[in-house]
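Participant:
Number of protein chains: 2
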Amino acid sequence: MGRVNSKAGQSAEIIIQGDCIEAMNALPEKSVDLIFADPPYNLQLGGGLTRPDQSKVDAVDDDWDKFASFQVYDEFTRNWMNAARRVLKDTGAIWVIGSYHNIFRVGATLQDLGFWMMNDVVWRKSNPMPNFRGTRFTNAHETLIWATKSADQKKYTFNYDAMKALNDDLQMRSDWLLPICTGGERLKDGDGDKAHPTQKPEALLHRVLLATTNAGDTVLDPFFGTGTTGAVAKKLGRNFVGIEREERYIKVARERIRLIKTGAPEDLKVTTSKKAEVRIPFGTLIERGLLEPGAVLTDPAKRHAARVRADGSIVCRDATGSIHKIGAHVQGLDACNGWTFWHFKTDGKLKPIDILRQKVRAEMGEA
Amino acid sequence: MGRVNSKAGQSAEIIIQGDCIEAMNALPEKSVDLIFADPPYNLQLGGGLTRPDQSKVDAVDDDWDKFASFQVYDEFTRNWMNAARRVLKDTGAIWVIGSYHNIFRVGATLQDLGFWMMNDVVWRKSNPMPNFRGTRFTNAHETLIWATKSADQKKYTFNYDAMKALNDDLQMRSDWLLPICTGGERLKDGDGDKAHPTQKPEALLHRVLLATTNAGDTVLDPFFGTGTTGAVAKKLGRNFVGIEREERYIKVARERIRLIKTGAPEDLKVTTSKKAEVRIPFGTLIERGLLEPGAVLTDPAKRHAARVRADGSIVCRDATGSIHKIGAHVQGLDACNGWTFWHFKTDGKLKPIDILRQKVRAEMGEA
DNA sequence: TTCCGAATTGAATCTGTTG
DNA sequence: GCAACAGATTCAATTCGGA
Numbered sequence: 025m026g027r028v029n030s031k032a033g034q035s036a037e038i039i040i041q042g043d044c045i046e047a048m049n050a051l052p053e054k055s056v057d058l059i060f061a062d063p064p065y066n067l068q069l070g071g072g073l074t075r076p077d078q079s080k081v082d083a084v085d086d087d088w089d090k091f092a093s094f095q096v097y098d099e100f101t102r103n104w105m106n107a108a109r110r111v112l113k114d115t116g117a118i119w120v121i122g123s124y125h126n127i128f129r130v131g132a133t134l135q136d137l138g139f140w141m142m143n144d145v146v147w148r149k150s151n152p153m154p155n156f157r158g159t160r161f162t163n164a165h166e167t168l169i170w171a172t173k174s175a176d177q178k179k180y181t182f183n184y185d186a187m188k189a190l191n192d193d194l195q196m197r198s199d200w201l202l203p204i205c206t207g208g209e210r211l212k213d214g215d216g217d218k219a220h221p222t223q224k225p226e227a228l229l230h231r232v233l234l235a236t237t238n239a240g241d242t243v244l245d246p247f248f249g250t251g252t253t254g255a256v257a258k259k260l261g262r263n264f265v266g267i268e269r270e271e272r273y274i275k276v277a278r279e280r281i282r283l284i285k286t287g288a289p290e291d292l293k294v295t296t297s298k299k300a301e302v303r304i305p306f307g308t309l310i311e312r313g314l315l316e317p318g319a320v321l322t323d324p325a326k327r328h329a330a331r332v333r334a335d336g337s338i339v340c341r342d343a344t345g346s347i348h349k350i351g352a353h354v355q356g357l358d359a360c361n362g363w364t365f366w367h368f369k370t371d372g373k374l375k376p377i378d379i380l381r382q383k384v385r386a387e388m389g390e391a
Numbered sequence: 025m026g027r028v029n030s031k032a033g034q035s036a037e038i039i040i041q042g043d044c045i046e047a048m049n050a051l052p053e054k055s056v057d058l059i060f061a062d063p064p065y066n067l068q069l070g071g072g073l074t075r076p077d078q079s080k081v082d083a084v085d086d087d088w089d090k091f092a093s094f095q096v097y098d099e100f101t102r103n104w105m106n107a108a109r110r111v112l113k114d115t116g117a118i119w120v121i122g123s124y125h126n127i128f129r130v131g132a133t134l135q136d137l138g139f140w141m142m143n144d145v146v147w148r149k150s151n152p153m154p155n156f157r158g159t160r161f162t163n164a165h166e167t168l169i170w171a172t173k174s175a176d177q178k179k180y181t182f183n184y185d186a187m188k189a190l191n192d193d194l195q196m197r198s199d200w201l202l203p204i205c206t207g208g209e210r211l212k213d214g215d216g217d218k219a220h221p222t223q224k225p226e227a228l229l230h231r232v233l234l235a236t237t238n239a240g241d242t243v244l245d246p247f248f249g250t251g252t253t254g255a256v257a258k259k260l261g262r263n264f265v266g267i268e269r270e271e272r273y274i275k276v277a278r279e280r281i282r283l284i285k286t287g288a289p290e291d292l293k294v295t296t297s298k299k300a301e302v303r304i305p306f307g308t309l310i311e312r313g314l315l316e317p318g319a320v321l322t323d324p325a326k327r328h329a330a331r332v333r334a335d336g337s338i339v340c341r342d343a344t345g346s347i348h349k350i351g352a353h354v355q356g357l358d359a360c361n362g363w364t365f366w367h368f369k370t371d372g373k374l375k376p377i378d379i380l381r382q383k384v385r386a387e388m389g390e391a
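Protein sequences appear in the order of chains X and C.
Start counting the first sequence at 25; every next residue gets the next number (our numbering).
Start counting the second sequence at 25; every next residue gets the next number (our numbering).
(1) Compile a chain-ordered list of the residues in the region 124-150 of chain C whose CB is closer than 8 Å to at least one CB of chain X.
(2) Whole angstroms is fine: what's the gap from residue 237 of chain X's alpha carbon to residue 189 of chain C's?
(3) CB residue 323 of chain X to CB residue 365 of chain X, shorter than 8 Å?
(4) For residue 141 of chain C, which of helix, strand or coil comes out of DSSP?
(5) Where residue 3 of chain C and residue 279 of chain C are concerned, what is the direct C-alpha to C-alpha distance, given to the nearest angstrom?
(6) My parser needs the beta strand (DSSP E) runs of 3 or more residues fully inside the region 141-197 of chain C; what are they?
(7) So which residues on chain X does residue 165 of chain C lean against when the C-beta distance must stay under 7 Å?
(8) Answer with buried or exposed for residue 136 of chain X, where buried requires no fewer than 16 other C-beta atoms within 10 angstroms of its C-beta.
(9) May I ask which residues mark the beginning and end of the beta strand (DSSP E) holding residue 37 of chain X?
(10) Can you give the Cα-Cα distance for residue 76 of chain C and residue 99 of chain C, rounded to whole angstroms?
(11) Could you say which of C:199, C:383, C:95, C:192 lies nearest to residue 166 of chain C if we only look at CA atoms?
(12) Just to make sure I have the definition right: I need the residues of chain X whose C-beta is within less than 9 Å of the C-beta of residue 337 of chain C. Which are they?
(13) If contact is defined by three or more beta carbon pairs under 8 Å, each pair taking one atom from either stretch, is the region 174-185 of chain C in contact with the region 218-225 of chain C?
(14) Within the continuous alpha helix (DSSP H) that includes residue 354 of chain C, where are the two ends?
(15) Is the Cβ of residue 161 of chain X closer than 8 Å to any Cβ of chain C?
(16) When you compare the CB of residue 155 of chain X with every CB in chain C, is at least one pair closer than 8 Å?
(17) Chain X partners of residue 297 of chain C, CB-CB under 8 Å?
(18) What does the alpha-carbon distance come out to for the pair residue 244 of chain X and residue 59 of chain X?
(19) With distances taken Cα to Cα, identify the nearest neighbour of residue 349 of chain X among X:256, X:342, X:359.
(20) Can you give me the start and stop residues for the beta strand (DSSP E) that residue 331 of chain X sits inside?
(21) Is there a C-beta anywhere in chain C that falls below 8 Å from the one on residue 91 of chain X?
(22) Roughly how many whole angstroms lie between the Cα atoms of residue 220 of chain C and residue 94 of chain X?
(23) Do residue 120 of chain X and residue 146 of chain C have their CB atoms nearer than 8 Å?
(24) Against chain C, does residue 184 of chain X count as a neighbour if the rule is that its beta carbon must be under 8 Å from one of theirs?
(25) Give a yes or no on contact between the region 286-300 of chain C and the region 45-61 of chain C, applying the rule of three or more CB pairs nearer than 8 Å.
(26) Would you list the one or two residues that DSSP bridges to residue 112 of chain X?
(27) Please list the partners that residue 23 of chain C has in chain X, where partner means a Cβ-to-Cβ separation under 7 Å.
(28) Is residue 366 of chain X helix, strand or coil by DSSP?
(29) Touching or not, the region 148-160 of chain X and the region 72-89 of chain X, by the rule of three or more beta carbon pairs under 8 Å?
(30) Spatial neighbours of residue 335 of chain X within its chain, please: CB distance less than 7 Å, with the 5 preceding and 5 following residues excluded, ordered by chain position.
(31) Residue 94 of chain C touches chain X at which residues, Cβ-Cβ below 7 Å?
(32) So the candidates are C:382, C:258, C:310, C:261; which of them puts its Cα closest to the Cα of residue 298 of chain C?
(33) Can you tell me where the alpha helix (DSSP H) with residue 128 of chain X in it begins and where it stops?
(34) Can you tell me the Cα-Cα spacing of residue 108 of chain X and residue 44 of chain X, whole angstroms?
(35) In chain order, what residues of the same chain have a beta carbon less than 8 Å from the beta carbon of residue 92 of chain X, not counting five sequence neighbours either side?
(36) Comparing alpha-carbon positions, which option in X:159, X:332, X:113 lies nearest residue 345 of chain X?
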């Protein structure tokens with residue numbers, strides 16, 4: 025076990041190689057604001073699975089997902105959660121993600137240890153793997169649990185208005201529709217194979233960190249893998265500590281995070297008060313990486329320019345608000361359809377942001 | 025405790041008033057096909073919970089009693105689940121619905137008792153109650169767990185094709201979007217207040233029963249409430265046994281169910297899978313003269329050719345065997361469905377031999 | 001270069017009957 | 001109980017290759 029990467033200064037990025045329990049016990053107590061944990065799911069797969077076209081499904085058969093029994097898994101869970109609890113500030117919170125194989129044990133253990141559940145959140149996958157044999161319902165979601173350190177903890181971070189802004193000025197619900205991690209975001213090893221079997225999408229972490237941390241907070245991920253938590257934390261100006269046992273994952277994570285740029289502080293500010301109404305969640309574009317925080321939008325004639333912030337609000341000179349509100353403001357009008365007014369540059373051409381919305385709609389299928 | 029309503033004949037509708045554990049223990053073992061359970065999680069409303077030693081549990085909403093209350097709840101859960109397990113047929117299954125307050129304990133207990141999870145299913149509420157104080161995500165879903173009696177249980181009911189038909193010919197996913205129970209469906213008492221605080225929508229039970237029971241099966245609901253399970257079971261031609269402690273809920277349930285009419289048998293038929301159809305050996309086609317010995321079969325691209333022999337085996341170059349074996353062999357695969365792979369020429373066109381099988385099935389159906 | 005069809009792939013507790 | 005074998009079974013998104 026050893027510290028791999030540590031940077032002093034305004035942004036701490038720490039990756040520790042080793043067992044997560046030992047590593048957490050070596051950290052100062054009550055030192056982190058949020059823990060995001062993606063522990064092994066304890067899948068119990070039978071023989072090989074083939075698709076109808078007889079191709080083979082690449083199973084998660086790694087050693088780190090092998091447990092002898094529920095009892096052994098529960099003990100593992102209690103141990104890492106106790107270590108996590110120690111390093112968590114009293115005002116801190118924890119997120120754990122899992123599937124039906126493990127999430128009920130995870131949830132019960134959280135409660136047993138005194139964590140207090142705020143929500144269970146369902147990640148609905150827009151493109152899950154089908155059930156090839158027609159034996160069950162398509163396993164189309166995973167479950168996240170968000171819990172504070174204790175029941176009597178009244179202070180915790182929840183950026184309610186930022187979530188609302190991200191969701192078209194409707195309260196963010198407990199079910200989130202997001203695609204799984206594929207395409208360019210999916211990290212590959214030298215052979216072109218996936219670098220990690222269970223890489224999570226950045227959009228998921230974006231929402232988690234935006235909702236329950238503030239810029240400058242420290243996020244701990246005890247099952248760091250290829251570093252999605254670190255990548256999004258850096259992008260959003262949060263400090264992070266990642267712990268990972270496998271050197272090969274750390275290597276990938278370091279290179280990945282090296283290339284990430286932190287958004288400018290003014291872009292990372294999130295809405296703290298009510299804003300004008302919007303119809304389509306513009307924030308989804310940022311969450312999904314179609315626009316970066318800090319991206320510049322202009323009108324077709326380039327008379328006005330605005331900067332995009334992480335929660336989907338935009339800034340033009342002194343004014344902050346939705347794409348519609350700011351669009352109306354700069355034109356001196358009462359109303360404006362921001363989707364067609366604001367443009368972004370791609371391939372040297374200005375295009376309305378509405379084409380990005382269409383892209384998202386196409387990807388997400390139903391509303 | 026007493027039996028309130030029992031009807032002999034083709035459709036059994038039984039409502040039992042009393043404690044669900046005692047009542048289940050009084051039923052014959054291995055007698056029900058499906059259990060649907062909506063257990064209480066608010067221990068105060070659950071009322072009359074007792075510890076194993078029969079001592080009364082007092083108010084459990086104080087922080088100091090959180091751990092004690094989880095233990096008591098787990099004990100309660102183990103007790104009713106064990107009783108449920110006893111009355112369940114070996115081919116039977118159980119559904120349990122809950123929210124984050126109790127579902128993790130319920131799920132872990134199911135696993136501890138040997139039930140085998142098939143899916144966790146998310147009921148997404150299209151019209152959830154908002155979070156008025158803006159302190160959390162809108163609690164917009166509940167979780168259902170579908171589990172069979174044991175891991176090595178190979179036979180269970182899942183009407184895959186019926187679910188697929190219900191979902192526009194796409195596999196039914198594990199997330200279901202349904203409205204909460206309101207309007208005319210919501211039962212009221214004499215004062216116009218809701219008769220039961222957590223009445224479930226019939227649409228939810230409709231999907232559960234259609235997916236995992238057949239007409240004529242017996243469904244048990246140990247927390248019957250105002251009888252949604254019974255109402256839908258009757259509508260769909262399933263027998264049911266409902267157990268409920270409170271007389272006032274039973275009264276409402278009886279009147280409700282009395283008004284329900286069972287659908288006509290032909291309307292209750294659902295789309296079935298090919299697996300359920302009669303098996304036709306390939307040799308039958310030759311026997312019946314639909315293919316002559318010596319007939320030539322090819323794949324759609326005409327890359328491979330095989331000759332049919334009198335006993336239903338086929339020959340391709342040196343290899344002899346079943347249509348499936350040879351189909352797999354020539355493609356270099358482990359398996360192949362010979363019915364759809366091999367084609368024969370008729371009217372100058374290539375057609376899969378599967379249409380001949382369909383012809384035989386149609387003829388057998390008439391006979 | 002662009003467009004269209006084919007191929008690939010993702011945290012999966014993934015068959016049933018006969019001999 | 002195990003081996004052999006029949007034969008049923010997939011959605012969304014991206015990438016690749018040929019026209």
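Ideal Cβ positions, reconstructed from N, Cα and C, are used throughout, including at glycine.
No experiment lies behind these values; they were computed from the predicted model shown.
Facilitator: Once the coordinates are examined:
(1) Answer in chain order: 124, 125, 127, 128, 129, 130, 131, 132, 134, 135, 136, 141, 142, 143, 144, 145, 146, 148.
(2) Indexing the first sequence from 1 puts residue 237 of chain X at position 213. Indexing the second sequence from 1 puts residue 189 of chain C at position 165. If you draw a straight line from the Cα of residue 237 of chain X to the Cα of residue 189 of chain C, it is about 44 Å long.
(3) Locating residue 323 of chain X in the first sequence gives position 299, where the first residue counts as 1. Locating residue 365 of chain X in the first sequence gives position 341, where the first residue counts as 1. Contact flag set, yes.
(4) As a first step, residue 141 of chain C must be located in the second sequence, where it is residue number 117. Residue 141 of chain C carries a strand assignment under DSSP once its states are collapsed to helix, strand and coil.
(5) With chain C represented from 25 up to 391, any question about residue 3 of chain C goes unanswered, as that position is not in the structure.
(6) Here the runs fully enclosed are 165-172.
(7) Along the second sequence, read from residue 1 onward, the residue named residue 165 of chain C stands at position 141. Listed along chain X are 146, 198, 199, each with a C-beta nearer than 7 Å to that of residue 165 of chain C.
(8) Position 112 of the first sequence, counted from the start, is the residue given in the question as residue 136 of chain X. Counting Cβ neighbours within 10 Å, residue 136 of chain X comes out buried, since at least 16 surround it.
(9) What you label residue 37 of chain X is simply residue 13 of the first sequence in a count that begins at 1. Segment 37-41, the beta strand (DSSP E) holding residue 37 of chain X.
(10) For the purposes of this step, residue 76 of chain C is taken as the residue at position 52 of the second sequence. For the purposes of this step, residue 99 of chain C is taken as the residue at position 75 of the second sequence. Reliability fails at residue 76 of chain C, whose pLDDT of 42 lies under 50, so the model's placement of it is uncertain and the value that follows must be treated cautiously. Their backbone Cα atoms lie some 8 Å apart in a straight line.
(11) For the purposes of this step, residue 166 of chain C is taken as residue 142 along the second sequence, with counting starting at 1. Of the candidates C:199, C:383, C:95, C:192, the residue whose Cα lies closest to the Cα of residue 166 of chain C is C:199.
(12) What you label residue 337 of chain C is simply residue 313 of the second sequence in a count that begins at 1. Taking the beta carbon of residue 337 of chain C as reference, no residue of chain X falls within 9 Å; the closest one sits roughly 22 Å away.
(13) Contact between the region 218-225 of chain C and the region 174-185 of chain C is absent, with fewer than three C-beta pairs closer than 8 Å.
(14) Locating residue 354 of chain C in the second sequence gives position 330, counting from the first residue. For residue 354 of chain C, the uninterrupted alpha helix (DSSP H) run begins and ends at 347-355, by DSSP.
(15) By 1-based counting over the first sequence, the position of residue 161 of chain X is 137. Cβ-Cβ to chain C under 8 Å: yes for residue 161 of chain X.
(16) Start at 1 with the first residue of the first sequence, and residue 155 of chain X comes out as number 131. At a cut-off of 8 Å between beta carbons, residue 155 of chain X contacts chain C.
(17) Mapped onto the second sequence, residue 297 of chain C falls at position 273. Ordered by position in chain X, the residues that pass the 8 Å Cβ test against residue 297 of chain C are 158.
(18) Position 220 of the first sequence holds residue 244 of chain X. Position 35 of the first sequence holds residue 59 of chain X. Using only the alpha carbons, I get a separation of about 5 Å.
(19) Residue 349 of chain X sits at position 325 when you count from the first residue of the first sequence. Here the closest residue by C-alpha is X:359.
(20) Residue numbering aside, residue 331 of chain X sits at position 307 when the first sequence is read from its first letter. Counting along the chain, the beta strand (DSSP E) containing residue 331 of chain X begins and ends at 329-332.
(21) Walking along the first sequence from the start, residue 91 of chain X turns up at place 67. Look at residue 91 of chain X: its C-beta is not under 8 Å from any C-beta on chain C.
(22) Residue 220 of chain C sits at position 196 when you count from the first residue of the second sequence. Residue 94 of chain X sits at position 70 when you count from the first residue of the first sequence. Cα-Cα distance, rounded: 37 Å.
(23) Within the first sequence, the letter at position 96 stands for residue 120 of chain X. Within the second sequence, the letter at position 122 stands for residue 146 of chain C. Between residue 120 of chain X and residue 146 of chain C, the gap from beta carbon to beta carbon reaches 8 Å or more.
(24) As a first step, residue 184 of chain X must be located in the first sequence, where it is residue number 160. It does; some Cβ of chain C falls within 8 Å.
(25) Not touching, per the Cβ criterion.
(26) Residue 112 of chain X sits at position 88 when you count from the first residue of the first sequence. Answer is X:56.
(27) There is simply no residue 23 of chain C to check, as chain C begins at 25 and stops at 391 in what is shown.
(28) Numbered from 1 along the first sequence, position 342 holds the residue referred to as residue 366 of chain X. Coil.
(29) The region 148-160 of chain X, when compared against the region 72-89 of chain X, does touch it at the 8 Å Cβ threshold.
(30) Residue 335 of chain X sits at position 311 when you count from the first residue of the first sequence. Within the same chain, residue 335 of chain X has close Cβ partners 186, 189, 190, 234, 294, 295, 307.
(31) Taking the first residue of the second sequence as position 1, residue 94 of chain C is located at position 70. Listed along chain X, the residues sitting closer than 7 Å to residue 94 of chain C by beta-carbon distance are 135, 136.
(32) On the second sequence, residue 298 of chain C is found 274 positions in, with the first residue counted as 1. Relative to residue 298 of chain C, the option among C:382, C:258, C:310, C:261 whose CA is nearest is C:382.
(33) Numbered from its first residue, the first sequence carries residue 128 of chain X at position 104. Per DSSP, residue 128 of chain X belongs to the alpha helix (DSSP H) from 127-136.
(34) The sequence position of residue 108 of chain X within the first sequence is 84, counting from 1. The sequence position of residue 44 of chain X within the first sequence is 20, counting from 1. C-alpha separation (whole angstroms): 9 Å.
(35) By one-based count along the first sequence, residue 92 of chain X stands at place 68. The beta carbon of residue 92 of chain X sits closer than 8 Å to no other beta carbon from its chain once the five residues preceding and following it are set aside.
(36) Within the first sequence, numbered from 1, the residue matching residue 345 of chain X stands at position 321. Comparing Cα positions, the closest option is X:332.
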